Each structure stands twice: as structure tokens, then as C-alpha cells.
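Enquirer: Can you read through this structure? Questions will come right after.
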Amino acid sequence: MTALDWTVLVGYFVLMVLIGVWSRTKIKTVVDYFTTGGRIPWWLSGISHHMSGYSAVMFVAFAAVAYSYGITVYVWWAVSIGVGVGIGAFLFAARWNRLRSKHGVVSPLEYLARRYNLPTQQALAYSGAALKVVDIASKWVAIAVLLNGFTGVPMRWGILLTGVVTMLYATLGGLWADVLTDFGQFVIQFAAGIAMFVGVMAHLDGVPTLWKMWDQLPAGHGDALNGPYTPIFLIAFLFIKTFEYNGGMWNLAQRYMAAPSGSEAKRSALLSSVLWLVWPLILFIPMCAAPLLVHPGKPEQSYVELAQLLLPTGLIGLVLAGFFSHTMAMVASDANVISSVITRDLAPVLVPKVRRLTDAGALKFARITTFTFVTLSMLIAIATNGEGVVLKIVVDLVAATMGPISIPLMLGLLPWFRRCGARAALASWAIGLVVWAIVKWGLDSTDTTLVVALPLATSLVVYVGLGLLLPERRTDVDELVSSLDTDPDDLTTRRAAAVG
Numbered sequence: 040m041t042a043l044d045w046t047v048l049v050g051y052f053v054l055m056v057l058i059g060v061w062s063r064t065k066i067k068t069v070v071d072y073f074t075t076g077g078r079i080p081w082w083l084s085g086i087s088h089h090m091s092g093y094s095a096v097m098f099v100a101f102a103a104v105a106y107s108y109g110i111t112v113y114v115w116w117a118v119s120i121g122v123g124v125g126i127g128a129f130l131f132a133a134r135w136n137r138l139r140s141k142h143g144v145v146s147p148l149e150y151l152a153r154r155y156n157l158p159t160q161q162a163l164a165y166s167g168a169a170l171k172v173v174d175i176a177s178k179w180v181a182i183a184v185l186l187n188g189f190t191g192v193p194m195r196w197g198i199l200l201t202g203v204v205t206m207l208y209a210t211l212g213g214l215w216a217d218v219l220t221d222f223g224q225f226v227i228q229f230a231a232g233i234a235m236f237v238g239v240m241a242h243l244d245g246v247p248t249l250w251k252m253w254d255q256l257p258a259g260h261g262d263a264l265n266g267p268y269t270p271i272f273l274i275a276f277l278f279i280k281t282f283e284y285n286g287g288m289w290n291l292a293q294r295y296m297a298a299p300s301g302s303e304a305k306r307s308a309l310l311s312s313v314l315w316l317v318w319p320l321i322l323f324i325p326m327c328a329a330p331l332l333v334h335p336g337k338p339e340q341s342y343v344e345l346a347q348l349l350l351p352t353g354l355i356g357l358v359l360a361g362f363f364s365h366t367m368a369m370v371a372s373d374a375n376v377i378s379s380v381i382t383r384d385l386a387p388v389l390v391p392k393v394r395r396l397t398d399a400g401a402l403k404f405a406r407i408t409t410f411t412f413v414t415l416s417m418l419i420a421i422a423t424n425g426e427g428v429v430l431k432i433v434v435d436l437v438a439a440t441m442g443p444i445s446i447p448l449m450l451g452l453l454p455w456f457r458r459c460g461a462r463a464a465l466a467s468w469a470i471g472l473v474v475w476a477i478v479k480w481g482l483d484s485t486d487t488t489l490v491v492a493l494p495l496a497t498s499l500v501v502y503v504g505l506g507l508l509l510p511e512r513r514t515d516v517d518e519l520v521s522s523l524d525t526d527p528d529d530l531t532t533r534r535a536a537a538v539g
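Just remember that our numbering sits 39 ahead of the position in the sequence shown, which is counted from 1.
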């Protein structure tokens, strides 16, 4: 890292804080803070959805997978997400938006109290919020590993640096700041990713590298599925990511809710889907080519050494800023959505007077909650000091939460599952978590496919099965689900035409 590299990196941090300060002027109420009142253009919502979907873990853990196994990481990870988001564009995106526009829903979990009951909402909210803190701690560790590899900055100082900057702009500007910084981060990441891609091509055989390098790499590195990543794992991962990236990962539901209408939310989802299918390939090609250029002590450091080898002064700082951009985008959006869950779903039940807060008081409470969440996740990350937690926590938490928590949350939006009530939701949540705990800790399984697939499959079978065997059909639930079929304007137009 030269003085120019440091200048680029510091300039990036300053820009993020300034965006947060400016965004603060657009926040008047807690609704603005959490959903922007539905004022985010579809293209900006789509870019933000994409950027909030991955962090520096990609450049640490997934870079290690690309270094060790090749292009398979793009197939089972990025393609699965791209396809899953594309499916969700037609199933979920518009429905999330209509919860806000028709029912005033601000938190992704807010509708669960009406769809099922209050205990179901509270169970999903508490379990998801607790695990999310640890998940975000792993993101801080990943970015600290990268900062340490580039600059030698100790892990805890790297966590504090990124955490404090993220805390400032996320706390001040809410979802507006998240979305605007996502766009700025996308521009930075685009420049950094193209620079690395061109650097690898220039250092090897130019454009022919794209098809020549696979014969020079270890056997299997050009295969769609390689190593422990089997067809069953791919199918399970696709199901998980379809739920996770369409709202199961709560912060991404916010991007749909913040669009102007359901149809605009659908367009934003389609844009995000395209970005997922195209952009990660540009990022993974250099990671796959890394064995031809560098030989790091640990595969996790391969992308760092690649950047140090190939990039000129200034661009290393840009690449490192790109790493920060992904982590900060994900953490800021997670902090905002967790704050919305606590503010709208948890705190009013524990302390009823929270419901009576003024607009200004509710907004202050939301900011305090955001600050507290980021602080707690940083403290956990510092306590672990990065010892073996990065990929392990990410994979384990996805397996633990995405099935048991997202099955009731996501399928509850769809008309085909009206018969599935609170009994089915709570049972699928509880049994799914128990199965995960048994497989992961009781059996001490190291089979990635089993750990990822079984909790999801169990939750799905229990939820659907109980809906069929012990249906809980309610008129108010039917009305809620049916109201999500059309945008408010579409419904008004149809009613007017029918009356005419």
C-alpha cells in the first residue's frame, strides 16, 4: 500500500460518511428510515439488492474455493442466486412491495403477526436477529483479513475502522444511505473488478486466457461441479438461495419494499438477477486463474497476493475499497433491517410504550437500535479475532436459518399455502432448527450437502404437510394474501371499471 493507495481508501471512507450525512436530510419518519416511503427507483433498488447480497467473504472464503476447485464456485453460488432471484421476481418481489403500499408494513416480519399470530412472529424475529449478529461478525472478520493482508493493520483495528464508518452512515441515513452507498460501491467495485480482470488477462495470454487457462490449471478446475460440490448440493443451494435472496435474508426484502410499486419491484429483481449471472463471472475468472500466478500460504490469501502482484499503485487501494464496499453494503442493510424488526416487532411487545412514541422518538429509537446492533457485532468479531470463523459461520448460519425461518416467512406470502397457519409455521421453524443442530453438532457431520439441505427439506415438508393434514384457513388471512395480487392503482382501476 503506497500513499496513493491509502489516499484512495481514505477518500472512499470519507465519501461513505458524507453520503450518510446527506441522506439524513431525507429522513423525516421511521417509515423513511426503513423503507424510504417507496421512493427508490427500480434500477437503484436492483443495484442495491445485488450489492447487499455479498460481502468480502467472497474475496476470502470463495476466493479460496476458486483457487482450490476452480469455476464451480461461480456455478453453485452465483448462478444459483441469479436463477433464484429471477424466480423470485415473479413470485415474491411485488408481494413484498404491496405489503408496504397496502398495509403499511415497514419491517419484513411485521406482517407475520397477522398472517399467523404474535408468538410465531416473535419466535422467528428473536432467532433470526440473534443469529444475524454472529453472521455479521463473520463479515467484519473477512474484511479485516483482507485489510491485514494488504496493509498489515491488526485484525481488531481493521474491524473497528470498517465498523465505525459503517455505523456512522447507516445510523444517520437509514435505508436511503444504504441504497445510495450501494450505488457508489457498485461503481467502485466495477472499476476494481475490471482492473483485476484486465491485469490477469495481460499477465497471461491475453483474451485467449479465457479458454486456454483451464488446460493449464489442475484437473477439474474447469468443471461446473468439482470437489465436495455435487448435483444434490447445487439443487439444495438453489432452493436455499431462492428463499434467502427474495426476502429470507430480511434486508433484501427491504429493497423490494422501497420500490415505488409492485411492478417496479419486479423489474428491480430482474435487474439484480442479470447482475448476479454476469458480474460474479468477471470477479471469479481472476480467482480461478490465481494458481497460475501466485502460491499463497493459505488459499484465503490468494486474491490479496494476486492484487499485489498485478495491480499498479493506486489500483490496489481501489480494489481494497471494492472489498470494503461489499461488506459495508451488506452490514449496513442488515443493521437497518434488524433495527426495523426490533423497533416494529420486538420492542413494542416487550415495552408497550414504544408504540406511543412520537415520530421523532421512534426515529431516535431506530437509530439507537442500529448503533447497538453494529457495535455488538463488532465486539463479537474482535473477540473471535478471526480464528476459523469466516466460511464456517456463513455456511452454518445459512443452513441453520434459511430453511426454518424463511419457509414460513416466504411461503406465507403465496396463495397456494393459505391452509398453512401458525401451527405449521412454528413446527417447521422449531423442527428445522432441531434437525440442523442434530446434524451439525449431534452427529458432528462434515457433509456440506447434508448440513445445508436437510434443515431446509425438513422445514418445507413439515410446513406443507401440516397445512394439508391440519389446515388453519382464516378469512382475514385469505384477504391479506389476496390483497398482494395487484398494485393499489391496478386494484382501484379494476374496481372502477367493474362499477362502470
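Glycine included, each C-beta is placed from N, C-alpha and C at the ideal position. Only a predicted model underlies this, so the values are computations on that prediction, with no experimental measurement involved.
#1: Roughly how many angstroms separate the alpha carbons of A386 and K479, rounded to a whole number?
#2: Using a Cβ-Cβ cutoff of less than 6 angstroms, which residues in the same chain neighbour L314 once the five nearest sequence positions on both sides are dropped?
#3: I need the boundaries of the alpha helix (DSSP H) containing V99, first residue and last residue.
#4: When you compare only the Cα positions, how much space is there between Y51 and V474?
#5: For S94, which residues in the same chain have their Cβ closer than 8 angstroms to its Cβ, ignoring the five residues on either side in sequence?
#6: Helix, strand or coil for H260 per DSSP?
#7: Would a C-beta distance cut-off of 8 angstroms place L453 and R137 closer than the cut-off?
#8: Return the chain-ordered ranges of every alpha helix (DSSP H) run that is complete within the region 326-393 and spans a minimum of 4 residues.
#9: Return yes when the Cβ of Y113 is within less than 8 angstroms of the Cβ of F323, no when it is not.
#10: Which residues in the same chain as L48 place their Cβ atom closer than 7 angstroms to its Cβ, once the five residues preceding and following it in sequence are excluded?
#11: Tell me the rounded alpha-carbon separation between A133 and W289.
#12: Alpha carbons only, please: which of V317, T41 and I444 is nearest the one belonging to A466?
#13: By how many angstroms is the C-alpha of W318 removed from the C-alpha of L243?
#14: When the Cα atoms are used, what is the spatial distance from P80 to D398?
#15: Let me confirm a value: G481 is counted as buried when at least 16 other C-beta atoms fall within 10 Å, else exposed. Which label applies?
#16: Classify I381 as buried or exposed, calling it buried when 16 or more other Cβ atoms lie within 10 Å of its own Cβ.
#17: Expressed to the nearest angstrom, what Euclidean distance is found between the alpha-carbon atoms of F222 and A169?
#18: Can you tell me whether M449 is helix, strand or coil according to DSSP?
#19: Would you tell me roughly how many angstroms separate the C-alpha atoms of V237 and V53, rounded to the nearest one?
#20: Once you ignore the five residues that flank L519 on each side, which residues in its own chain have a CB closer than 7 angstroms to its CB?
#21: If distances are taken between C-alpha atoms only, which option among V503, T414, A496 and S378 comes closest to A176?
#22: Looking at C-beta atoms only, is the number of pairs between the region 205-214 and the region 396-410 that lie closer than 8 angstroms three or more?
#23: Applying the criterion that 16 or more other CB atoms from any shown protein chain within 10 Å of the CB defines a buried residue, is Q255 buried or exposed?
#24: Mapping the DSSP letters down to three states, classify F131 as helix, strand or coil.
#25: Going by Cα to Cα distance, which pick from V60, V239 and G123 is closest to G286?
#26: Looking at C-alpha atoms only, which residue of V118, A275 and Y150 is the closest neighbour of L489?
#27: Give me the Cα-Cα distance between V343 and D384, rounded to the nearest whole angstrom.
#28: How about L83 and V218: are their beta carbons less than 8 angstroms apart?
#29: Find the nearest neighbour of P325 within the set K251, L345 and A308, judged by alpha-carbon distance.
#30: When the distance is taken between beta carbons, is G504 closer than 8 angstroms to A308?
#31: Does the beta-carbon of D515 have 16 or more other beta-carbons within 10 angstroms, so that it is buried, or is it exposed?
#32: Should F246 go down as buried or exposed, given a rule of 16 or more other Cβ atoms within 10 Å for buried?
#33: Cα-Cα, which of E303, A464, W215 and V184 is closest to K67?
#34: Between which residues of its own chain and A128 is the CB-CB distance below 7 angstroms, once the five residues before and five after are set aside?
#35: Are the beta-carbon atoms belonging to Q1 and N187 less than 8 angstroms from one another?
Expert: Taking the structure as given:
#1: Counting from one through the sequence shown, the residue named residue 386 turns up at place 347. Counting from one through the sequence shown, the residue named residue 479 turns up at place 440. So the two alpha carbons sit approximately 32 angstroms from each other.
#2: Translated into the one-based positions of the sequence shown, residue 314 becomes position 275. The answer, listed in chain order, is H89.
#3: For the purposes of this step, residue 99 is identified with residue 60 of the sequence shown, where counting begins at 1. No alpha helix (DSSP H) holds V99; DSSP gives it neither H nor E.
#4: For this step, residue 51 is matched to residue 12 along the sequence shown. For this step, residue 474 is matched to residue 435 along the sequence shown. The straight-line gap from Cα to Cα measures roughly 44 angstroms.
#5: Taking the sequence shown and counting its residues from 1, one reaches residue 94 at position 55. So the list reads K178, A181, I182, H365, T366, A368, M369 and V370, once near-sequence residues are dropped.
#6: Position 221 of the sequence shown, counted from the first residue, corresponds to residue 260. Note: H260 maps to coil in three-state DSSP.
#7: Here residue 453 refers to the residue found at position 414 when the sequence shown is read from its first residue. Here residue 137 refers to the residue found at position 98 when the sequence shown is read from its first residue. Not a contact, by the Cβ cut-off of 8 angstroms.
#8: Taking only runs of at least 4 residues, the alpha helix (DSSP H) segments lying wholly in the region 326-393 are 341-349, 354-380 and 386-389.
#9: Looking up residue 323 in the sequence shown gives position 284. Looking up residue 113 in the sequence shown gives position 74. A contact, by the Cβ cut-off of 8 angstroms.
#10: The residue you call residue 48 lines up with position 9 of the sequence shown. Counting only Cβ-Cβ distances below 7 angstroms, and skipping sequence neighbours, we find G356, L359 and A360.
#11: Sequence index remark: in the sequence shown, residue 133 carries index 94 (1-based). Sequence index remark: in the sequence shown, residue 289 carries index 250 (1-based). A133 and W289: Cα-Cα distance of roughly 15 angstroms.
#12: Translated into the one-based positions of the sequence shown, residue 466 becomes position 427. Per the Cα distances, I444.
#13: Position 204 of the sequence shown, counting from 1, holds the residue named residue 243. Position 279 of the sequence shown, counting from 1, holds the residue named residue 318. When rounded, the distance between both Cα atoms is 21 angstroms.
#14: By 1-based counting over the sequence shown, the position of residue 80 is 41. By 1-based counting over the sequence shown, the position of residue 398 is 359. In a straight line, the C-alpha of P80 is about 25 angstroms away from that of D398.
#15: Locating residue 481 in the sequence shown gives position 442, counting from the first residue. Result: exposed.
#16: Residue mapping note: residue 381 aligns to position 342 of the sequence shown, counting from 1. Flag for I381 reads buried.
#17: Mapped onto the sequence shown, residue 222 falls at position 183. Mapped onto the sequence shown, residue 169 falls at position 130. Take the alpha-carbon of F222 and the one of A169: they are about 29 angstroms apart.
#18: Translated into positions along the sequence shown, residue 449 becomes position 410. DSSP places M449 in helix when its eight states are reduced to three.
#19: For this step, residue 237 is matched to residue 198 along the sequence shown. For this step, residue 53 is matched to residue 14 along the sequence shown. So the alpha carbons of these two residues sit roughly 28 angstroms apart.
#20: In the sequence shown, the residue the question calls residue 519 occupies position 480. The answer, listed in chain order, is R153 and R154.
#21: As a working mapping, residue 176 is identified with position 137 in the sequence shown. Per the Cα distances, T414.
#22: Contact holds: three or more Cβ-Cβ distances are below 8 angstroms.
#23: Position 216 of the sequence shown, counted from the first residue, corresponds to residue 255. By the 10 Å Cβ count, Q255 comes out exposed.
#24: Within the sequence shown, residue 131 is the residue found at index 92, counting from 1. DSSP places F131 in coil when its eight states are reduced to three.
#25: Looking up residue 286 in the sequence shown gives position 247. For the residues V60, V239 and G123, the minimum Cα distance to G286 belongs to G123.
#26: Working through the sequence shown from its first residue, we reach residue 489 at position 450. Each of V118, A275 and Y150 was checked against the Cα of L489, and the nearest Cα belongs to A275.
#27: Translated into the one-based positions of the sequence shown, residue 343 becomes position 304. Translated into the one-based positions of the sequence shown, residue 384 becomes position 345. Roughly 41 angstroms between the two C-alpha positions.
#28: Counted from its first residue, the sequence shown places residue 83 at position 44. Counted from its first residue, the sequence shown places residue 218 at position 179. Yes, they are a contact pair.
#29: Position 286 of the sequence shown, counted from the first residue, corresponds to residue 325. The shortest C-alpha separation from P325 is found at L345.
#30: For the purposes of this step, residue 308 is taken as residue 269 along the sequence shown, with counting starting at 1. For the purposes of this step, residue 504 is taken as residue 465 along the sequence shown, with counting starting at 1. For the 8 angstroms CB-CB criterion, A308 and G504 do not form a contact.
#31: For the purposes of this step, residue 515 is identified with residue 476 of the sequence shown, where counting begins at 1. Classification for D515: exposed.
#32: Walking along the sequence shown from the start, residue 246 turns up at place 207. This sequence places Val at residue 246; Phe is not what is there. With fewer than 16 Cβ atoms within 10 Å of its Cβ, V246 is classed as exposed.
#33: To locate residue 67, count along the sequence shown from 1; it is residue 28. When each option's Cα is compared against that of K67, the closest is W215.
#34: Translated into the one-based positions of the sequence shown, residue 128 becomes position 89. Excluding positions up to five away in sequence, the list reads K305, A308, L309 and S312.
#35: With the chain running from 40 to 539 in the structure shown, residue 1 is simply not present.
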